[in-house]
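Residue numbers (UniProt numbering): 1 to 417.
Ideal Cβ positions, reconstructed from N, Cα and C, are used throughout, including at glycine.
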Ligand SMILES: CC(=O)N[C@H]1[C@@H](OP(=O)(O)OP(=O)(O)OC[C@H]2O[C@@H](n3ccc(=O)[nH]c3=O)[C@H](O)[C@@H]2O)O[C@H](CO)[C@@H](O)[C@@H]1O
Ligand SMILES: C=C(OP(=O)(O)O)C(=O)O
C-alpha cells in the first residue's frame with residue numbers, strides 16, 4: 001500500500017497548472033451514452049475515477065479510447081447492456097450517473113445502489129423522484145435500482161435540495177423526454193453548466209443551466225461532438241491553500257476566477273493577497289493567516305469539497321474560526337487526524353470550532369476521503385517533522401500527480417510503497 005510522506009516545506013513558489021474537473025468529466029462521460037456519434041473529450045484528467053467511469057461505459061458496450069495525452073474518445077453506438085453492476089458502482093458513487101442516460105436511451109436501466117461513504121449517507125431519493133416524475137417505474141431490490149419506461153414525458157420537478165447528481169441525472173434523462181422538463185431548485189454548479197453545454201453541443205435543447213431553473217426541451221436524437229472540460233475549481237482551490245499555508249507565492253494556471261469566488265474571498269479575509277489575471281491566479285501569503293468563519297453551501301456558496309483544506313489552513317491561523325458544514329452530515333473525519341497533528345479543533349454538531357495553534361507536528365494519519373487526504377498533505381507542508389499519510393488511494397481519485405505538482409513548487413513530498 002502506498003503512503004505519502006510530507007515534510008515541512010518552505011514557502012512554495014512557482015506555477016502550477018490545474019487539470020480538467022473530475023466532477024465535470026464524470027457526468028459528461030456518462031452523458032456520452034446518449035450520443036449517436038463519437039464524442040471527443042479534451043483536458044481529461046488522469047484520475048482513478050476517470051478509469052472507473054471508462055470501465056463502467058465499456059461494460060455497457062461503449063467503445064472508450066484514450067488517445068493522445070488528455071483526450072478521450074467515446075463511441076456509444078454499440079451500447080446494448082443496461083446494467084451497471086455492484087463491483088463498479090461500489091468503487092465510485094458517480095457511476096450512478098449512468099442511470100439517467102441509460103433510461104433515456106434504452107427505456108430501461110438497472111444500476112447498483114451506490115451506498116454511502118465516509119462523508120455521509122448520500123441517498124438517491126431525489127434522482128429517483130425526478131426519474132419517476134418523467135414516467136419511469138422504479139423498483140428497488142437486491143441492492144439494485146431498476147428504472148423502466150416505454151417513453152419519458154417532460155414534467156416540472158422541484159428538488160428539495162439542489163443536488164448536483166440529481167440535477168445531472170434528470171437533465172440527461174429529460175433530453176429524450178417528450179415535451180418540456182423543468183427542474184426547479186436545480187444545482188447551479190459550474191459542472192452542471194459544463195454538462196449542459198456538452199449536451200447542447202450534441203444537439204440537446206437545455207436552457208437555464210447555472211440558474212435554479214433548468215428547462216429541457218426533449219429532442220429525438222443526439223449526435224457527436226468535441227468538448228473541452230472546464231478546469232477543476234477544487235484542485236485550483238487546493239493549490240491556493242498550499243500557497244497560503246506555506247507563506248508562498250504561487251501562480252495557478254488554467255483556473256477560472258469566476259468559479260473560485262468563495263475561495264478567493266475567504267483567503268483575502270485570511271490576509272492573503274490574490275491577483276486575478278484572466279485564467280491565472282497569483283496567491284501571495286506573507287503576513288500570516290487570520291482566523292475566518294466558513295459555512296459550506298451549494299454553489300455559489302463556499303464548496304463543501306474545500307472545507308477540509310481550509311480547516312487545515314485555519315488550524316494554524318491566528319485566532320478562532322468556526323466552520324459550519326451544511327451540505328454533508330458527516331464531513332468532519334479529517335478533524336481527528338488534524339488533531340493528531342497538534343491542531344485544536346472541537347466538533348459541535350455540524351460546526352467545528354478551530355482554535356489556531358502556532359504550529360503542527362508530523363504524525364501518522366489516514367486519508368479518510370479524497371479531500372480529507374488533501375487537507376492532511378496541506379497540514380504536512382507546515383508541520384514540524386514527517387507526516388505519513390496512509391490510504392492515499394482516496395487522493396488519487398481526484399488529484400492528478402499531486403506530489404509532482406507540489407514538488408515543482410518546492411514541496412518536500414514523496415510517495416513510498
Ligand atoms: C461526482 C460529483 O460531482 N461529486 C460532487 C457532487 O456529489 P453529489 O452529486 O453526490 O452531491 P449532491 O449535491 O447530490 O449532495 C448534496 C446533499 O444532498 C443530499 N442528497 C443528494 C441526492 C439525493 O437524492 N438526496 C439527498 O438527500 C446528499 O446526501 C448531500 O447531503 O456534489 C457534491 C456537493 O457539491 C460534491 O461534494 C461532490 O464532489
Ligand atoms: C465528494 C467528492 O466526490 P464524490 O462525489 O465523487 O465522492 C469530492 O470530489 O470531494
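Inset, instruction - Would you be able to state if there are at least three C-beta pairs under 8 Å between the stretch 105–116 and the stretch 82–97? - result: yes
Inset, instruction - Determine the direct distance from the alpha carbon of residue 316 to that of residue 126, and round the result to whole angstroms. - result: Within the chain shown, residue 126 is the residue found at index 126, counting from 1. Within the chain shown, residue 316 is the residue found at index 316, counting from 1. Rounded to whole angstroms, residue 126 to residue 316 spans 39 Å at the Cα level.
Inset, instruction - Kindly examine ligand 1 and report whether one of its heavy atoms sits closer than 7 Å to the Cβ of residue 163. - result: One-based indexing of the chain shown puts residue 163 at position 163. True, at least one ligand heavy atom lies under 7 Å from that Cβ.
Inset, instruction - Report whether the distance from the Cβ of residue 5 to the nearest heavy atom of ligand 2 is below 7 Å. - result: Numbered from its first residue, the chain shown carries residue 5 at position 5. Result no, Cβ not under 7 Å from ligand 2.
Legend entry - residue 159, DSSP secondary structure in three states: As a working mapping, residue 159 is identified with position 159 in the chain shown. If DSSP states are grouped into helix, strand and coil, residue 159 belongs with coil.
Legend entry - Of the listed residues 267, 122, 168, 131, nearest to residue 97 (C-alpha basis): For the purposes of this step, residue 97 is taken as the residue at position 97 of the chain shown. Of the candidates 267, 122, 168, 131, the one whose C-alpha sits nearest the C-alpha of residue 97 is 168.
Inset, instruction - Please list the segments of the beta strand (DSSP E) lying wholly inside the stretch 1–32, counting only runs of 3 or more residues, in order along the chain. - result: 3–7, 13–17
Inset, instruction - Sort 363, 148, 250, 55 by Cα distance to residue 407 and report the nearest one. - result: Here residue 407 refers to the residue found at position 407 when the chain shown is read from its first residue. Selected option, being the one with the closest Cα: 250.
Legend entry - Separation of residue 397 from residue 107, as counted between CA atoms: The sequence position of residue 107 within the chain shown is 107, counting from 1. The sequence position of residue 397 within the chain shown is 397, counting from 1. The alpha-carbon atoms of residue 107 and residue 397 are separated by roughly 31 Å.
Inset, instruction - Would you kindly work out how many angstroms separate the C-alpha atoms of residue 182 and residue 104, rounded to a whole number? - result: Taking the chain shown and counting its residues from 1, the one referred to as residue 182 is at position 182. Taking the chain shown and counting its residues from 1, the one referred to as residue 104 is at position 104. About 16 Å.
Inset, instruction - Could you tell me which residues DSSP pairs with residue 390 in its beta bridges? - result: As a working mapping, residue 390 is identified with position 390 in the chain shown. Its beta-bridge partners are 366.
Inset, instruction - List the endpoints of the continuous beta strand (DSSP E) containing residue 354. - result: Within the chain shown, the letter at position 354 stands for residue 354. Element bounds for residue 354: 351–355.
Legend entry - N-terminal and C-terminal residue of the alpha helix (DSSP H) that residue 312 is part of: In the chain shown, the residue the question calls residue 312 occupies position 312. Run containing residue 312: 307–314, per the alpha helix (DSSP H) assignment.
Inset, instruction - May I ask you to check if the CB of residue 210 is nearer than 7 Å to at least one heavy atom of ligand 2? - result: Here residue 210 refers to the residue found at position 210 of the chain shown. No, the Cβ of residue 210 stays beyond 7 Å of every heavy atom of ligand 2.
Legend entry - Short Cβ contact (8 Å threshold) for residue 26 with residue 1: As a working mapping, residue 26 is identified with position 26 in the chain shown. As a working mapping, residue 1 is identified with position 1 in the chain shown. Against a cut-off of 8 Å, the Cβ pair of residue 1 and residue 26 comes out as no contact.
Inset, instruction - Confirm, please, whether the CB-CB distance from residue 230 to residue 240 is below 8 Å. - result: Taking the first residue of the chain shown as 1, we reach residue 240 at position 240. Taking the first residue of the chain shown as 1, we reach residue 230 at position 230. Not a contact, by the Cβ cut-off of 8 Å.
Legend entry - Cα-Cα separation, residue 115 to residue 77: For the purposes of this step, residue 115 is identified with residue 115 of the chain shown, where counting begins at 1. For the purposes of this step, residue 77 is identified with residue 77 of the chain shown, where counting begins at 1. Distance between the alpha carbons of residue 115 and residue 77 is about 30 Å.
Inset, instruction - Let me know the secondary structure DSSP gives residue 147 once reduced to three states. - result: As a first step, residue 147 must be located in the chain shown, where it is residue number 147. Assignment of residue 147 by DSSP, reduced to helix, strand and coil, places it in the strand class.
Legend entry - Top-ranked residue by Cα proximity to residue 90, from 49, 361, 311, 337: Within the chain shown, residue 90 is the residue found at index 90, counting from 1. The shortest CA-to-CA distance from residue 90 to any of 49, 361, 311, 337 is the one to 49.
Legend entry - Runs of beta strand (DSSP E) wholly within the stretch 262–325 (minimum 3 residues, chain order): 273–277, 280–284, 320–324
Inset, instruction - Starting from residue 73, follow its DSSP beta bridges and name the residues at the other end. - result: Taking the chain shown and counting its residues from 1, one reaches residue 73 at position 73. Answer by DSSP bridge pairing, in chain order: 40, 65.
Legend entry - Near ligand 1: residue 177 beta-carbon under 7 Å from a heavy atom: Here residue 177 corresponds to residue number 177 of the chain shown, with the count starting at 1. Incorrect: residue 177 has no Cβ contact closer than 7 Å to ligand 1.
Inset, instruction - Rounded to whole angstroms, what's the CA-CA distance from residue 235 to residue 394? Just pull it up for me. - result: As a first step, residue 235 must be located in the chain shown, where it is residue number 235. As a first step, residue 394 must be located in the chain shown, where it is residue number 394. Using only the alpha carbons, I get a separation of about 14 Å.
Inset, instruction - Compare the Cα-Cα distances from residue 30 to each of 21, 42, 102 and report the closest residue. - result: Numbered from its first residue, the chain shown carries residue 30 at position 30. Nearest of 21, 42, 102 to residue 30, Cα basis: 102.
Legend entry - Residues near residue 166 in its chain [Cβ-Cβ closer than 7 Å; skip 5 each side]: If you number the chain shown from 1, residue 166 lands on position 166. Correct list, in chain order: 126, 127, 130, 159.
Inset, instruction - Indicate whether residue 415 and residue 391 have their beta-carbon atoms separated by less than 8 Å. - result: By 1-based counting over the chain shown, the position of residue 415 is 415. By 1-based counting over the chain shown, the position of residue 391 is 391. No, they are not a contact pair.
Legend entry - C-alpha distance - residue 196 paired with residue 372, whole-angstrom precision: By 1-based counting over the chain shown, the position of residue 196 is 196. By 1-based counting over the chain shown, the position of residue 372 is 372. Looking at the two C-alpha atoms, the distance is approximately 30 Å.
Legend entry - Span separating the alpha-carbon of residue 118 from that of residue 156: Taking the first residue of the chain shown as 1, we reach residue 118 at position 118. Taking the first residue of the chain shown as 1, we reach residue 156 at position 156. Straight-line Cα distance between these residues: approximately 33 Å.
Legend entry - Beta carbon of residue 338 nearer than 8 Å to that of residue 306: On the chain shown, position 338 is the one that residue 338 refers to. On the chain shown, position 306 is the one that residue 306 refers to. Their beta carbons are not under 8 Å apart, which means residue 338 does not touch residue 306 by this criterion.
Legend entry - Own chain, CB closer than 7 Å to residue 273, minus 5 neighbours either side, in chain order: Start at 1 with the first residue of the chain shown, and residue 273 comes out as number 273. Hits under 7 Å: 284.
Inset, instruction - Measure the CB-CB distance between residue 60 and residue 34 and report whether it falls below 8 Å. - result: Along the chain shown, one-based indexing puts residue 60 at 60. Along the chain shown, one-based indexing puts residue 34 at 34. Cβ atoms of residue 60 and residue 34: not closer than 8 Å.
Legend entry - Contact set for residue 329: own chain, Cβ-Cβ below 8 Å, skip 5 residues either direction: Translated into the one-based positions of the chain shown, residue 329 becomes position 329. Excluding positions up to five away in sequence, the list reads 120, 121, 350.
Legend entry - residue 161 classed as buried or exposed, judged by whether at least 16 other C-beta atoms fall within 10 angstroms: Position 161 of the chain shown holds residue 161. Burial call: exposed.
Inset, instruction - For the beta strand (DSSP E) containing residue 49, list its first residue and its last residue. - result: In the chain shown, counting from the first residue as 1, residue 49 sits at position 49. That residue, residue 49, is in no beta strand (DSSP E); its alpha helix (DSSP H) goes 48–60.
Legend entry - Cross-strand partners of residue 249 (DSSP beta bridge): Numbered from its first residue, the chain shown carries residue 249 at position 249. Paired residue(s): 13, 284.
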